[in-house]
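> Following this note's numbering, the numbering of the sequence shown begins with 392 at its first residue and continues without gaps.
No residue lacks a Cβ here, since even glycine has one placed at the ideal position from N, Cα and C.
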Amino acid sequence: MTGSRQTSLTFYHAWSSSASRKVRLCLAEKGLTYVGKALDLGRFQHHSAWYKALNPSGIVPCLLVDGLALVESNLIDEYLDEAFPEPALMPDDPAARYEVRRWSKYVDDVCLPAVQKPNWTRSMYPIAKLWSDAELEQRLAAIPTQERRDLWRRMARNPFSEAEIDAALDILEDMTLRIEAYLENSSGPWLFGHRLTLADLHAAPYVIRFEEERPGRLRPLTARWWDALRARPSWSTAEIGSYEDDSARTAAEAIKDPA
Ligand SMILES: N[C@@H](CCC(=O)N[C@@H](CS)C(=O)NCC(=O)O)C(=O)O
Numbered sequence: 392m393t394g395s396r397q398t399s400l401t402f403y404h405a406w407s408s409s410a411s412r413k414v415r416l417c418l419a420e421k422g423l424t425y426v427g428k429a430l431d432l433g434r435f436q437h438h439s440a441w442y443k444a445l446n447p448s449g450i451v452p453c454l455l456v457d458g459l460a461l462v463e464s465n466l467i468d469e470y471l472d473e474a475f476p477e478p479a480l481m482p483d484d485p486a487a488r489y490e491v492r493r494w495s496k497y498v499d500d501v502c503l504p505a506v507q508k509p510n511w512t513r514s515m516y517p518i519a520k521l522w523s524d525a526e527l528e529q530r531l532a533a534i535p536t537q538e539r540r541d542l543w544r545r546m547a548r549n550p551f552s553e554a555e556i557d558a559a560l561d562i563l564e565d566m567t568l569r570i571e572a573y574l575e576n577s578s579g580p581w582l583f584g585h586r587l588t589l590a591d592l593h594a595a596p597y598v599i600r601f602e603e604e605r606p607g608r609l610r611p612l613t614a615r616w617w618d619a620l621r622a623r624p625s626w627s628t629a630e631i632g633s634y635e636d637d638s639a640r641t642a643a644e645a646i647k648d649p650a
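(1) Based on Cα-Cα distance, which residue from Glu635, Ala645 and Ala642 lies nearest to Arg513?
(2) To the nearest whole angstrom, what separates the beta carbons of Arg605 and Glu564, a pair I think is in contact under 8 Å?
(3) At the level of alpha carbons, what is the spacing between Thr393 and Thr424?
(4) According to DSSP, Lys428 sits in a beta bridge with which residue or residues?
(5) How big is the Cα-Cα spacing for Ile380 and Phe551?
(6) Rounded to a whole number of angstroms, what is the C-alpha to C-alpha distance between Arg540 and Asp499?
(7) With a CB to CB cut of under 7 Å and the five nearest residues on each side skipped, what residues in its chain are close to Lys334?
(8) Does the Cβ of Leu503 lie closer than 8 Å to at least one heavy atom of ligand 1?
(9) Given this structure, state the Cα-to-Cα distance separating Ala419 from Glu555, to the nearest angstrom.
(10) Return the Cβ separation of Ala405 and Ile646 in integer angstroms, given the expectation that the two are a contact with Cβ distance under 8 Å.
(11) Per DSSP, what are the beta-bridge partners of Leu563 in this structure?
(12) Taking 8 Å as the line, does the beta carbon of Pro447 fall inside it for any heavy atom of ligand 1?
(13) Beta carbon of Leu480, beta carbon of Lys520: below 9 Å?
(14) Note down, in chain order, each residue of its chain lying with its Cβ closer than 8 Å to the Cβ of Val451, except the 5 sequence neighbours on either side.
(15) Alpha carbon to alpha carbon, how far is Glu553 from Thr398?
(16) Using only CA atoms, which one of Arg586, Thr613 and Leu587 lies nearest to Tyr597?
(17) When the distance is taken between beta carbons, is Ile631 closer than 9 Å to Arg493?
(18) What is the rounded straight-line gap between the Cα of Trp375 and the Cα of Leu574?
(19) Is Leu563 a contact residue of ligand 1, with contact defined as CB to any heavy atom under 8 Å?
(20) With distance defined between alpha-carbon atoms, name the residue in Ala619, Cys417 and Ala532 nearest to Asp468.
(21) At 4 residues or longer, what runs of the alpha helix (DSSP H) sit wholly inside the stretch 501–558?
(22) Is the beta carbon of Ala444 within less than 8 Å of some heavy atom of ligand 1?
(23) Check each candidate in Glu602, Ala643 and Asp591 and name the one with the smallest Cα separation from Arg488.
(24) Suppose the cutoff is 7 Å on Cβ atoms and the five residues either side in sequence are ignored; what does the same chain contact list for Glu571 look like?
(25) Taking Leu609 as part of the alpha helix (DSSP H), name the residues at either end of that continuous run.
(26) In the DSSP assignment, the beta strand (DSSP E) including Ala460 goes from what residue to what residue?
(27) Can you tell me the Cβ-Cβ gap for Ala533 and Phe435, rounded? I've got them flagged as a contact below 8 Å.
(28) With a threshold of 8 Å (Cβ to nearest heavy atom), would Lys421 be considered close to ligand 1?
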């Protein structure tokens, strides 16, 4: 743990989850140690009563800080940046801080729904398509939000078409073009100048998925930025593997449900 604080951190996450990866990268950049608890989304541990008591939305991640449950990856990372100020992961200038927040919101509002299409097709559809109607209704009843009930119902009965997945990857490609534009205007190697910020960390899980789905398409500045990001010690500390490996890892290494 950095500094003299005795804060206890327990992190509920899934290895292949983009939102979880954002927080793992932030924890790693801060040099924080924590107890990691990987959930198996394919076994619906995130829909169990014990987990919904921590995160009522029934999604990962969730960071327990001295017993206080923090949810929403962008907000968790901002919390970490304030609670553990070194190294700073936000710019000093209020206008630039605003821009980082705007970028993080865009990633969550636009890139997350886009990445769900290939991700859910690869990992949730093979599970959900096997359900009988009765099992589907039973699974849906445990899901606390309409949005996720709709997604699981789609996976079970009406999976995304190739055209929908392609359109989603176009959205991620557009994100990489926005990254290129930021880098063209940046005074340093990162999206907002010489300091690595949450903006860089929050883009990373979506860039890796884009690269996996459409390899070799990053523009020159983005490709250099991408290499620099993955060369940081935080990349290996955060244990970000391929989507396939991390999905398999999730199933193999998931925690046991608390009794
Ligand atoms: N806005 C949320 C999004 C979290 C989210 O969508 N988590 C996904 C994994 S990346 C999840 O738990 N999916 C499982 C499900 O919906 O059943 C955040 O940033 O924390």
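Looking at the coordinates:
(1) Glu635
(2) 7 Å
(3) Bear in mind that a pLDDT of 46 at Thr393, under 50, signals an unreliable position, so the model cannot answer this.
(4) Tyr403
(5) Outside the displayed range of the chain (392 to 650) lies residue 380, so it cannot be described from this structure.
(6) 19 Å
(7) Shown here, the chain extends from 392 to 650; a query on residue 334 therefore has no answer.
(8) yes
(9) 34 Å
(10) The Cβ separation is near 11 Å, so there is no contact.
(11) DSSP, once it has assigned bridges, lists no residue as partnering Leu563.
(12) no
(13) no
(14) Tyr403, His404, Ala405, Ser408, Ala410, Ser411, Leu430, Leu432 and His437
(15) 46 Å
(16) Thr613
(17) no
(18) There is no way to answer for residue 375, as the model of the chain reaches only from 392 to 650.
(19) no
(20) Cys417
(21) 503–514, 516–519, 524–532 and 537–548
(22) no
(23) Asp591
(24) Arg610, Leu612 and Thr613
(25) Segment: none, Leu609 is in no alpha helix (DSSP H) and carries neither H nor E.
(26) Leu459 to Val462
(27) 7 Å
(28) no
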